[in-house]
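To start, the structure under review is shown below, and the notes come after it.
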Amino acid sequence: MKIPETFYTDTNVLKIARKLIGKVLVTNMDGVITTGMITETEAYAGITDKASHAYGGRRTTRTEVMYARGGVAYVYLCYGIHHLFNVVTNIQDVPHAVLVRAIAPIEGIETMLTRRNKRKANSTLTAGPGSLSAALGINKQHTGTSLLGETIFIEDRGIKISAKEIVAKTRIGVDYAGNDALLPYRFYLRNSEYVSKY
DNA sequence: CAAACGATTTTCT
DNA sequence: GAAAATCGTTTGG
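Position 142 of the first sequence, counting from 1, maps to 143 under our numbering, and the rest follow consecutively.
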C-alpha cells in the first residue's frame, strides 16, 4: 500500500520523520526492485533550522526542490562521493525535508550487494545515508522525482512500531549548526542493527 | 572565474 | 583513531 500524498503534505515534519520509521522504501530502477524498512530518519525544519540547506529562506538551484509540495525526492551529492536521499514534506514554498539515514534490507539484497561491491550482507550494507542510497541505486539525478510514481516510493506494509521503540536523539554531522545541532530531530528504531554508527 | 566546503564512508595504522 | 577520497554547489573577488 503506497503512502498517499496527504502523508507528505502534513505541516509537522517531526511527526512525519517519526512515522516513517517502520515504513518500506522501494526503488524500481529499470524493473530491478530493491526494498528496505526505514530504521532511521532526521528532520530538517526549513528556514528556522540552521542545519537545513534552506535555512533563512535560502533558495538556490540545488535547494529549489525543497520548496516544492511534499511528496518528492531531494537527492544531493555530499563530500563529492555520497548521494543523500531526502523526502520533501509540507506544503508548497515551505522547505521541510526528512533525511533517510538507514534502512533494513528486505528484497533485492543480491542487487544491493552488487551495487555496494560487497559479498556478504551485514549492517554496513544500508546503515548510513550514503550507503543506503548506493544500495538502492539512488543518485542525484533522482532529485525532484515524485514519490507517488513508480521509480521511488514508500509503502506502508502494516509494520507496527510502538512509541517506545522509537528513540529521539540529536542529529549527526551537523555540529556547525550551533544550538540547532542539539535539537532531538533524529529518530531511530531502538535495538536495530541497521542504524548508522558514531 | 577561483576557492572553500560539506546532512559521509572507507581504509589504513 | 586518524586521514583520505572527491566534486557539485555556493560564495567571494
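In this text, a Cβ means the ideal position worked out from N, Cα and C, and glycines have one as well.
Task: Nonlocal neighbours in the same chain, by C-beta distance under 7 Å from Ile107, ignoring five residues either side - done: Val25, Thr36, Gly37, Met38
Open item on the list: For a test of the three-state rule: what should DSSP assign to Met113, helix, strand or coil?
Closed with: Three-state DSSP puts Met113 in a helix.
Open item on the list: Taking a contact to mean a Cβ-Cβ separation below 8 Å, would you say Ile153 touches Thr64 in this structure?
Closed with: Taking 8 Å as the Cβ cut-off, Ile153 and Thr64 do not qualify as a contacting pair.
TODO: Label Leu126 either buried or exposed according to how many other C-beta atoms from any shown protein chain fall within 10 Å of its C-beta, with 16 as the threshold for buried.
DONE: Buried is the call here.
- [ ] Using the Cα positions of Leu149 and Ile139, report the straight-line distance between them to the nearest angstrom.
- [x] 16 Å
Open item on the list: For Glu41 and Arg60, what's the separation of their Cα atoms in angstroms?
Closed with: If I take the Cα positions, the gap works out to 27 Å.
Open item on the list: So, at 7 Å on beta carbons, what are the nonlocal neighbours of Arg19 in its own chain, with the 5 sequence-adjacent residues on each side left out?
Closed with: Counting only Cβ-Cβ distances below 7 Å, and skipping sequence neighbours, we find Ile167, Phe188.
- [ ] Round the Cβ separation of Tyr68 and Asp94 to the nearest angstrom and send it over; I've been treating them as touching at under 8 Å.
- [x] 5 Å
TODO: Can you check DSSP and say which residues form a bridge with Ala105?
DONE: Met38
Open item on the list: For Pro130, count the other beta carbons within 10 Å of its own beta carbon; 16 or more makes it buried, fewer makes it exposed. Which is it?
Closed with: buried
Open item on the list: Can you check which of these residues, Asn192, Leu15, Arg116, Asn123, is closest to Val101 by C-alpha distance?
Closed with: From the listed residues Asn192, Leu15, Arg116, Asn123, the smallest Cα separation to Val101 is found for Leu15.
Open item on the list: Here's a check: name, in chain order, each residue in its chain whose Cβ is nearer than 8 Å to the Cβ of Ile99, leaving out the five neighbours to either side.
Closed with: The identity of residue 99 in the sequence shown is Val, whereas the question assumes Ile. When the five nearest sequence neighbours on each side are left out, the beta carbons in the same chain lying within less than 8 Å of the beta carbon of Val99 are those of Val14, Ile17, Ala18, Leu21, Thr42, Glu43, Ala44, Tyr45, Asn87, Val88, Thr90, in order along the chain.
Task: Distance between Leu114 and Thr171 (C-alpha atoms, nearest Å) - done: Roughly 30 Å separates the two Cα atoms.
Open item on the list: Just to confirm the assignment, what range does the alpha helix (DSSP H) spanning Leu149 have?
Closed with: That residue, Leu149, is in no alpha helix (DSSP H); it is neither H nor E in DSSP.
Task: Leu190 burial status per 10 Å Cβ neighbour count (16 or more: buried) - done: Leu190 should be labelled buried.
- [ ] Note down the Cα distance separating Leu78 from Arg158, rounded to an integer number of angstroms.
- [x] 30 Å
TODO: Compute every distance between the C-beta of Thr171 and the non-hydrogen atoms of the ligand PLP, then say whether any falls below 7 Å.
DONE: The model depicted lacks the ligand PLP and carries no ligand whatsoever.
Task: Status (buried if at least 16 other CB within 10 Å, exposed otherwise) for Val76 - done: buried
TODO: Work out the CA separation of Glu111 and Ile48 for me, nearest whole Å.
DONE: 40 Å
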